[in-house]
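Everything below concerns the one structure shown next.
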Amino acid sequence: MSFWAGLLTARSHLAFLVGLGAAILAVHYAGELARAEAAPAPGFAALAAGEAPRLRSRSPLGPDELRLARAAWSYFERNTDATTGLTGSVEDYPSTTMWDTGSQLMAILAAEDLGVIPADEAVLRLRRALRSLRAIPLFDRKLPNKAYDTRTLDMVGYDNRPAPEGIGWSALDVSRVLVPMWIVTWRHPELTPLVRRAVSRWRLGALSDGSALVGAQRRKDGLIETYQEGRFGYEQYAAKALLPWGVPVPRALDYRAHLAFSEVLGQRLPHDDRHPRSYGGTHAAVLSEPWILDALEHGFDATTLPIARALLRVQERRFARTGKLTAISEDAIDRAPWFAYSAVLNGDERWTAFAPDGTAIPQDLGFSTKAALGWGVLFEGSYPDRLLSAARELATERGLYAGRYDHDGSVNRALSLNTNAIVLEALAYRTRGPWLRPDEPDAREARR
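Set out below in structure tokens:
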């Protein structure tokens with residue numbers, strides 16, 4: 010169903026949608042202005058120097074890609090709770106976050122698009138998950154907690170132990186789940202009342218201080234403290250997701266608010282100027298995830314396209330120097346500490362990996378399946394093609410493994426929701442183009 014057809018079908022719910030529609034049109038218009046620019050905005054022009062990979066045109070999936078989609082979907086068939094409709098974040102671990110739930114909803118929509126599941130099954134799965142989002146207890150009676158038990162909907166810590174009072178909220182995670190919830194309102198307008206009932210409980214205004222993103226956490230003494238959340242790339246991705254819902258985050262949207270540049274392997278790269286050392290260890294990692302998701306969902310513009318090309322180019326240069334295929338992102342891993350952020354750059358460190366608490370874990374630097382697949386569907390060329398081939402090698406009947414460890418090439422056998430969801434989202438992009446511009450031809454971008 011097209012965007013406008015969906016809105017017309019949802020006319021009985023237009024009171025809910027009209028404000029969102031005005032906001033999304035404003036975002037869409039701003040994007041059009043950016044895409045109309047002949048060159049990247051000042052400050053990013055140097056990133057476009059040299060030969061740039063061309064955008065890959067839309068095309069139907071071939072047999073190998075369809076097998077990949079079915080393999081990715083098998084993760085959701087096995088790890089979704091039949092009662093709550095929520096999927097565990099990793100294999101046999103019944104816990105989820107709002108980021109993972111957002112990825113789950115995108116996976117359902119993608120599986121429907123690709124013909125992996127029929128529309129009636131997609132609606133059933135979406136309905137169950139949305140009912141759970143309507144029912145979950147909220148942290149401080151304001152926003153979704155950072156983690157939930159998928160079996161009971163109880164608030165938990167990241168270790169899935171009960172946390173009846175909750176541990177906090179993440180502005181980035183809530184922003185992620187709002188992306189598919191918006192898409193559902195026009196793809197499946199009959200589910201709009203469920204979206205409305207869920208989101209109407211959430212105090213979205215608490216995600217912003219009027220300019221920047223705000224997260225919250227419960228301290229050891231039980232008090233709640235709020236903090237600025239997000240760094241370059243993630244911050245702008247989340248801000249775009251919040252705009253249609255009326256949350257004011259102008260500083261978070263501004264790519265130049267905390268902009269710095271560094272050279273890595275001769276490639277100029279933009280990054281956040283807030284050094285982890287000066288901000289309590291909060292990471293400022295440069296990695297693939299936010300740029301890939303932004304492109305899959307919003308499409309590229311005159312700012313994000315040169316950034317993405319520069320980030321892909323530096324990873325290709327590392328491959329040329331080391332012979333190691335490089336696709337850097339955040340991933341579940343199959344050993345303690347169970348999650349790793351692999352980064353091109355983080356503060357003073359290059360080609361590094363660190364745990365969620367900031368501890369350096371260089372031995373866990375990894376090749377990411379979802380990053381490889383994402384870059385491969387976005388761009389043409391020998392290196393994106395290599396990445397696609399490497400991602401296909403990690404498919405199993407149970408889903409796609411998260412990736413490989415960089416130091417020895419051994420497989421990271423973690424099976425995660427986010428890996429398999431982004432694989433599905435990326436494959437659907439291959440056939441349809443950007444999720445939030447589904448009716449717009451991509452001819453202009455394909456020629457760039």
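Residue numbering for the sequence shown follows the numbering used here, starting at 10 and increasing by one per position. Glycine included, each C-beta is placed from N, C-alpha and C at the ideal position.
For the candidate residues the options, whose alpha-carbon lies nearest to that of residue i?
i    : options                : result
A345 : Q372, T361, S419       : Q372
S104 : T93, D158, R140        : D158
R228 : D218, G177, G275       : G177
V4   : P259, P198, G214, P285 : Here the chain comprises residues numbered 10 to 457, so residue 4 is not present and cannot be evaluated.
T494 : F241, L139, A435       : Look at the range of the chain in this structure, 10 to 457, and you will see that residue 494 is not part of it.
L152 : R170, M107, A128       : M107
A120 : D218, L436, R446, L445 : L436
L56  : L354, D343, R240, A311 : A311
V420 : S179, A400, V432       : A400
S83  : T440, H307, L433, L445 : L433
A317 : A131, G385, L70        : G385
G383 : F348, A364, I431, D366 : I431
L278 : L64, G356, L147        : G356
V147 : G124, S209, I117, A116 : What sits at residue 147 in the sequence shown is Leu, not Val. The shortest Cα separation from L147 among G124, S209, I117, A116 belongs to S209.
A329 : A349, L274, T361       : L274
L77  : L133, G124, N169       : G124
S217 : E74, R196, F85, R260   : R260
T368 : L387, G289, T440       : G289
R326 : H307, Q276, G71, D263  : Q276
W347 : A131, H280, F363       : F363
At a Cβ threshold of 7 Å, is residue i touching chain B?
i    : result
M190 : Absent here is chain B; the protein component of the structure consists of one chain.
To which residues does DSSP link residue i through a beta bridge?
i    : result
H280 : A269
Y350 : E339, F363
A369 : F363
P171 : V165
P153 : L147
I233 : R227
E358 : N355
N427 : Beta-bridge pairing links N427 to no other residue.
S104 : D158
Can you tell me whether residue i is buried or exposed? The criterion is at least 16 other CB atoms within 10 Å of its CB, across all chains shown.
i    : result
E174 : exposed
L135 : buried
K155 : buried
A81  : buried
S287 : exposed
G255 : exposed
D109 : buried
G442 : buried
E46  : For E46, the predicted model reports a pLDDT of 37, less than 50, meaning its position is unreliable and no value from the coordinates is stated.
P253 : buried
P127 : exposed
A404 : buried
D90  : buried
R413 : buried
A35  : Because A35 carries a pLDDT of 44, less than 50, the predicted location of this residue cannot be relied on, and the following value inherits that uncertainty. So A35 ends up on the exposed side.
E402 : exposed
Is residue i near the ligand ADP, judged by its Cβ being under 6 Å from some heavy atom?
i    : result
P257 : Of the ligands one can find in the structure shown there are none, so the ligand ADP has no counterpart to examine.
Assuming residue i contacts residue j under a Cβ cut-off of 8 Å, what Cβ separation, rounded to an integer in Å, is found between them?
i    : j    : result
L181 : A247 : 5 Å
S398 : V99  : About 25 Å; that fails the 8 Å criterion.
R422 : D343 : 5 Å
P198 : G111 : Not a contact, Cβ separation roughly 20 Å.
V223 : Q237 : 7 Å
T361 : P69  : So it is not a contact: roughly 39 Å between Cβ atoms.
K333 : D415 : 6 Å
*Report yes or no: do three or more beta-carbon pairs, one from the region 316 to 335 and one from the region 389 to 399, lie closer than 8 Å?*
yes
*asked:* Does the contact criterion of 3 or more C-beta pairs under 8 Å hold for the region 363 to 382 versus the region 403 to 419?
replied: yes
*Kindly confirm or deny that the region 331 to 340 and the region 287 to 304 touch, where touching means at least three C-beta pairs closer than 8 Å.*
yes
*Would you call the region 265 to 281 and the region 229 to 238 touching, i.e. three or more CB-CB distances under 8 Å?*
no
*asked:* Quick test of the definition: if touching needs 3 or more C-beta pairs under 8 Å, does the region 299 to 310 touch the region 237 to 253?
replied: yes
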